[in-house]
Each structure stands twice: as C-alpha cells, then as structure tokens.
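Residue numbers (the numbering used here), protein chains in the order written: chain L, 1 to 220; chain W, 1001 to 1347.
Quick reminder that beta carbons are idealized off the backbone N, C-alpha and C, glycines included.
The structure displayed is predicted, hence computed values, not measured ones.
Here's the structure we're looking at; comments come further down.
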C-alpha cells in the first residue's frame, strides 16, 4: 500500500510526466477544453429554457421530468449510442456531456426563478416594468445565486465525467485511466483519477468563493 | 378623479371578485376600501393600474379609460405601494426609489437626485439610501416603498394594506406621516385596509365591501359611523362606532370655564402655567391637558380618568386656558352623534 502511494507520488510530480503531447499539462488542457465547451453549450440550451419556464410558470412539469430523465440517462450508454450513429468523432463525447449538464442548469435556474418573492415581482410589474425588464432587472439578478450554483454543479459533474472522451479514443485526463486499465498500470489509473478529483474540487472551491464575493450584499 | 362604471371582475376559476361596481374616487382625496378578506377590495385597487383587467365595465383615471392605455406606461404614471413593501433586495434603497424615474428615461444622475430628495420627504436619512432593504426595519422599508411610489410625482397613489405588517406603534407613526404628506401633496389616494380604525383615520371617503365583491356603502367617515346603511356595515364598524365618531370631532367648539380655585383637588401648574397634576393633601394624579385639535374621544377618556371630572384645556404652547366638565363633553358627544344622524336623514 505504501509502495503504491509512493509510486503515485512519483508519477504525479515527475517532470517528464507533465510535458509533451502525452503529458499531464496537455491532457489537463484537453480535459478542461471538453468540460468548459460542453458546459457552455449546455448553458446556452438550459439557461433560456429555465428562465422561460421560471418567468412564465408554464412547462414546469415537462422541464422537471425531462431533467429527471436526463439524470437517469447512463452517460457511457449515450456515448456508445452516438458513437454508433456518428462514427469516430467528438460528437459522442459532447452530446453525452451536454446531456449530463443540462438538467442541473435547468432545474437550478427554474428553482432560482420560482424562489423570487412574488411580492417583489408584483411590485416590479406595478412600477411599470415590461416583462423583459422584470426578467432581466429583477428576476434574473435575484435568481443568479441559484443559477450559478447550477452552473457550478454542472461543470463539476462534467469535469468528473469527461474521462469518457478517452473511452472513444480522444484525450483528456481519462487517457490515463483507460490506458492504465489496458496496461494494468494501477499507478497510472490512480494518477488520472486523482487529477480529475483535484481539478473538480479546485473548480468547485474557486467558483464557490467567486459566488460568495459576488453576492455578499444579499440577505442570508 | 378615478371613476368605476359598472365594473365586473370574474376570475377564470369562476369566483366573482367585483360585482357591478360604480364608484367615484375624488381627486386629491383619500378613498379607503375596507372589508374582510375576499371582498374584492384589493382587486378593485389593482384594476386601477391594470394589474388586473375588468371582465366588463370601464375604469377612468383622470378621464381616460385605463384599458385604452399601455399597461406599463399607465403603471409608471400611478404610484403603487404594497403590504410587504416589495422592495428589490438586490438594489440599494436609493436605486429602489429611483425605479420609475429610470424606467421613464430620466437618466441615472437625475433619478438618483430625485430619490435623494424623497428619502428626506419620507423621513429617512441620506445614509439609509446606501443600504440594502434587508438592512432596514419593517417601518423604514414601508417608508421606502412610499418614496418609490412618489418618485415620479404621480397624481394617483395606490396603497394595498401598506401598513398591515408593522407593529401598532409604527403603524400609527406611518399613518401620521401619510396624513402630513397628503396635506402637502394632495394626491388622489386609493387605500386598501381591513382595519376600520385605520380607515376612519385616513379616509376622506370610506367604501365598505362585502364578500362577493359588493360595494355596500361609500361615504365620509362621520356619515358612515353615524348612519351605517345596514346591519352588515354596522357590524363591520364594530360596537364602538359611536366612540369612533367622537374621534372625528375636535374639542374646538366645546366651551371652557375658568379652572376652579380651592376645593379638594387643586390643579398644579408650573411657572409657565402649564398643567402638571391634580393634587390633594395625600395624592397627586398626573394630568394630560388637551388642545383644541384633540378629539372628543380623547376628552371623554381624560374626563373619566380625571378625579374632578374636569379636563384641563391648553393652547398650542401648553399654557392653561380653562377646564371643561365631563357633563359638557357628554352633551357635545350626544350632539355630535345626533347632528350627523339627522343631517343624513335630510339628504
């Protein structure tokens, strides 16, 4: 056991492991690229949807059920399915990651919108705000803490799951996990897993800190 | 002036909120809508600024049919205050007050300057303007709500139970402030409450609604208290409506006599001849002197508390002008009541 951790430590800090197109630096960049792009696309789909449902109060039933359905979807299964349909490309990876991220963003956006005090919305309308002014000047700013929580959760989930890119022969930190498994190299598998976990936790902490800084004026 | 003409409101679920309402709310006056919950008073108020549209009938504000106006623009021209203040928690107090000026395109600088003026108008410090709503007390939040409604100087103010969520002491303060403001500004105010005392204090006219959205009676407070249209109104006004009527009449017309010299109880004055207490050899009871602007109800109350059945009367500076007996007050109380009752019978 001690041996394993020692080897893992050596693996993580050795200079040659970090450089080159096979190195941790490059894999980390790939991993972050997949994750950020997938989360961005998911946000582009999920935010308008969540805001619309939250503002109008219509379609909530549909959205919540779609979100549960999305959560229940097995990611690896989805990757294989899209892979079979589209052949060797990044499509399976992005489709699966976006499908994973959308539910968290939709449900949190919707929850944030419904949590806005009805009296505040009534007052906003009563002062003469048009619907888009109510949405962008009142509802959206007030729902923002929960919306950001949704984005954060989605990103963390995507980072943790983006290892599947390596499953269909692409890069990212998953490379170490799948290569390590194939080569029965436990140190490499563990190294990859540890890196993914560290990235996920670091992003979570950084984004939480950002959220606290942004909303320090808000009532608890 | 606000005119309701044969207004009906039926909600999609089938309940009738307002039934055949025809009502005029005079310009520059406070019209209070009262009634128990579900009587349609809030719906009536919300139809004025099109937060709710009537099923049939017309509502005119300043002669113009509200349904022919753009809802958002109409609302910007009408002040709107609600119970929980409805302040925007993410904006400073100053920016909350500047809401409507900004919507009207005044520009940030001018809108903030106006908001600063209004802070003072409603009795808040400039420092409060930089805070966020949750950092203020409930009473202060309501003041901000009133300031926000007044920001673009609208001729009409809608107030939906604005003081319903604050404690009685603060509520009385806010009512006083509103009366003071109204003396200066003479807005056409529609005020919804379920508190009869508040209605009597604030209203120039009171409209009483019954469940199902029926307007039962609309009259000046004194007339309403003296001659309720039916048992429903009488019940709603409560058993003490005679006393409430006395709260509307001042002492000004009640004669006074010189303070008695000698006797068991002596009225103690300070150097400036301000009444301090009733005193005998072994007791001293504090006295609460009354001015001409105090109500007959306050006088009656004081005469009961007074050991001599006399009420000390003072001028604006608190200097003794004379005394009035309990009997005199009783007589005037009776006259007030019958005067209002018979005046109505003649109409």
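- Annotated three-state conformation of residue 1132 of chain W is coil, per DSSP.
- For residue 1194 of chain W, there is no enclosing beta strand (DSSP E), as DSSP marks it with neither H nor E.
- Any Cβ of chain L closer than 9 Å to the Cβ of residue 1082 of chain W would place that residue at the interface, and such an atom is present.
- Of all alpha-carbon atoms in L:10, L:35, L:215, L:22, the one lying nearest the alpha-carbon of residue 164 of chain L is that of L:35.
- Annotation for residue 1236 of chain W: the continuous alpha helix (DSSP H) segment containing it runs 1231-1237.
- Contacts with chain W at 9 Å (Cβ-Cβ) do not include residue 82 of chain L.
- Between the beta-carbon of residue 1155 of chain W and that of residue 1029 of chain W there is about 12 Å, and that puts the pair past the 8 Å contact cut.
- Here the region 1042-1049 of chain W makes contact with the region 1180-1197 of chain W; the two share three or more CB pairs at distances below 8 Å.
- DSSP, reduced to helix, strand and coil, places residue 1256 of chain W outside both helices and strands of the structure shown, so it counts as coil.
- Residue pairing of residue 1079 of chain W in beta bridges, as defined by DSSP: W:1157.
- Out of W:1262, W:1004, W:1267, W:1276, the CA that lies nearest to the CA of residue 1047 of chain W is found in W:1004.
- Residue environment for residue 139 of chain L: buried (at least 16 other C-beta atoms within 10 angstroms of its C-beta).
- In this structure, the beta-carbon distance from residue 172 of chain L to residue 162 of chain L falls below 9 Å.
- Residues of the region 112-128 of chain L that bring their beta carbon within less than 8 Å of a beta carbon in chain W comprise 117, 119, 120, 122, 123, 124, 125, 126, 127, 128, in sequence order.
- Taking 9 Å as the CB threshold, residue 55 of chain L stays off the interface with chain W.
- With its beta carbon less than 9 Å from one in chain L, residue 1099 of chain W belongs to the interface.
- Residue 1187 of chain W carries a coil assignment under DSSP once its states are collapsed to helix, strand and coil.
- Contact between the region 1283-1299 of chain W and the region 1247-1258 of chain W is present, with at least three C-beta pairs closer than 8 Å.
- In this structure the region 23-31 of chain L does not lie against the region 74-89 of chain L, because fewer than three pairs of beta carbons, one per stretch, are closer than 8 Å.
- Residue contact with chain W for residue 133 of chain L: present (Cβ-Cβ distance below 9 Å to some residue of chain W).
- Residue 1149 of chain W is not a Cβ neighbour of residue 1077 of chain W, given a cutoff of 9 Å.
- Rounded to the nearest whole angstrom, the C-alpha separation of residue 169 of chain L and residue 66 of chain L is 30 Å.
- Beta-carbon to beta-carbon, residue 154 of chain L and residue 39 of chain L are separated by about 6 Å, close enough to satisfy the 8 Å threshold.
- Excluding residues up to 5 positions away in sequence, 1016, 1017, 1018, 1019, 1040 lie with their Cβ nearer than 6 Å to the Cβ of residue 1213 of chain W in the same chain.
- Taking C-beta atoms as the reference points, residue 1274 of chain W and residue 1303 of chain W fail to come closer than 9 Å.
- Within the region 1273-1321 of chain W, complete alpha helix (DSSP H) segments of at least 4 residues are found at 1296-1305, given in chain order.
- Shown here, residue 1152 of chain W sits in coil according to DSSP, grouped into three states, outside any helix or strand.
- A distance below 6 Å between beta-carbons, with the five flanking residues on each side excluded, links residue 1111 of chain W to the following residues of its chain, in chain order: 1098, 1101, 1102.
- The C-alpha of residue 57 of chain L lies about 48 Å from the C-alpha of residue 179 of chain L.
- Within the region 1044-1061 of chain W, those residues whose Cβ lies closer than 7 Å to any Cβ of chain L are, in chain order, 1049, 1051.
- Shortest Cα-Cα distance from residue 1306 of chain W to any of W:1317, W:1323, W:1318 involves W:1323.
- Within its own chain, the residues whose Cβ lies closer than 8 Å to the Cβ of residue 64 of chain L, once the five positions on either side in sequence are excluded, are 107, 110, listed in chain order.
- Close to residue 130 of chain L, with beta-carbon spacing below 8 Å, are these residues of chain W in chain order: 1072.
- Proximity of residue 1088 of chain W to chain L, defined by a Cβ-Cβ separation below 9 Å, is satisfied.
- Take residue 131 of chain L, set aside five residues on each side of it, and the residues of its chain with a beta-carbon closer than 8 Å to its own are 55, in chain order.
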